[in-house]
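A.B. asks: Sharing a structure, written as structure tokens. Questions coming.
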Amino acid sequence: MYGIDISPTAVSIAQKRCKSEKAACKLTLGNAAELNYPDDFFTFVFDRGCFHSIKPEHREKFIEGVHRVLKWNGKYFMSCFSWRNGDAWNHFTEKDIRRHFSAGFKILELKEDVFTMDVSGEKVYFYSVLMEAK
Ligand SMILES: C[S@@+](CC[C@H](N)C(=O)[O-])C[C@H]1O[C@@H](n2cnc3c(N)ncnc32)[C@H](O)[C@@H]1O
């Protein structure tokens with residue numbers, strides 16, 4: 016497995032987790048909008064909360080990078096905040112998601128879900144999207 020995060024703390028937590036799980040991982044401190052992996056390198060990209068953290072002006076570059084590193088027919092799972100949490104720069108509608116991704120990806124499944132925060136009990140709505148690189 017390969018992983019990237021812009022936060023040293025996140026990379027350090029992931030390193031500890033990989034060690035405890037005895038998983039073979041290559042983790043990189045870096046910007047996911049500037050992926051350095053070769054073309055057609057992965058069969059699967061997992062993104063929980065990264066796309067919605069990318070600044071709007073870097074979104075297209077991020078999406079092009081994910082598409083570039085995936086093999087043709089490779090799968091991309093992405094989860095991001097929903098508009099249902101309120102209006103914000105990184106809260107998306109289903110239409111937004113389709114607009115961003117449909118040029119390079121076939122959307123196989125898109126569903127909205129909710130989880131409840133442990134401590135505050137606050138509900139957080141998000142979309143889970145499974146896509147295939149065209
Ligand atoms: C909502 S957290 C999700 C963390 C982890 N993926 C998980 O599921 O528990 C979003 C993560 O995206 C990282 N992030 C934000 N902008 C990034 C960027 N430009 N490149 C790489 N990682 C980024 C943050 O540091 C944070 O760890």
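In our numbering, the protein residues as written are 16 to 149. C-beta atoms are modelled at their ideal positions from N, C-alpha and C, and glycine is treated no differently. Predicted model, so just to flag it, every value in this text is computed and none were measured.
Using only the alpha-carbon positions, how far apart do T108 and C33 sit?
C.D. replies: Taking the first residue of the sequence shown as position 1, residue 108 is located at position 93. Taking the first residue of the sequence shown as position 1, residue 33 is located at position 18. Each residue's alpha carbon lies about 34 Å from the other.
A.B. asks: By DSSP's criteria, D20 is part of a beta bridge. Which residues make up the other side?
C.D. replies: Here residue 20 refers to the residue found at position 5 when the sequence shown is read from its first residue. Answer is L44.
A.B. asks: Please determine, among L85, I21 and Y140, the residue with the shortest C-alpha to C-alpha distance to K70.
C.D. replies: Sequence index remark: in the sequence shown, residue 70 carries index 55 (1-based). The residue with the shortest Cα to Cα distance from K70 is I21.
A.B. asks: Whether or not the segment 96-113 and the segment 72-84 are in contact is what I'm after, with contact meaning three or more pairs of Cβ atoms, one per stretch, closer than 8 Å; do they touch?
C.D. replies: With a cut-off of 8 Å, the segment 96-113 and the segment 72-84 do not count as touching, because too few Cβ pairs lie within range.
A.B. asks: Report yes or no: do the segment 55-62 and the segment 30-44 share at least 3 C-beta pairs separated by less than 8 Å?
C.D. replies: The segment 55-62, when compared against the segment 30-44, does not touch it at the 8 Å Cβ threshold.
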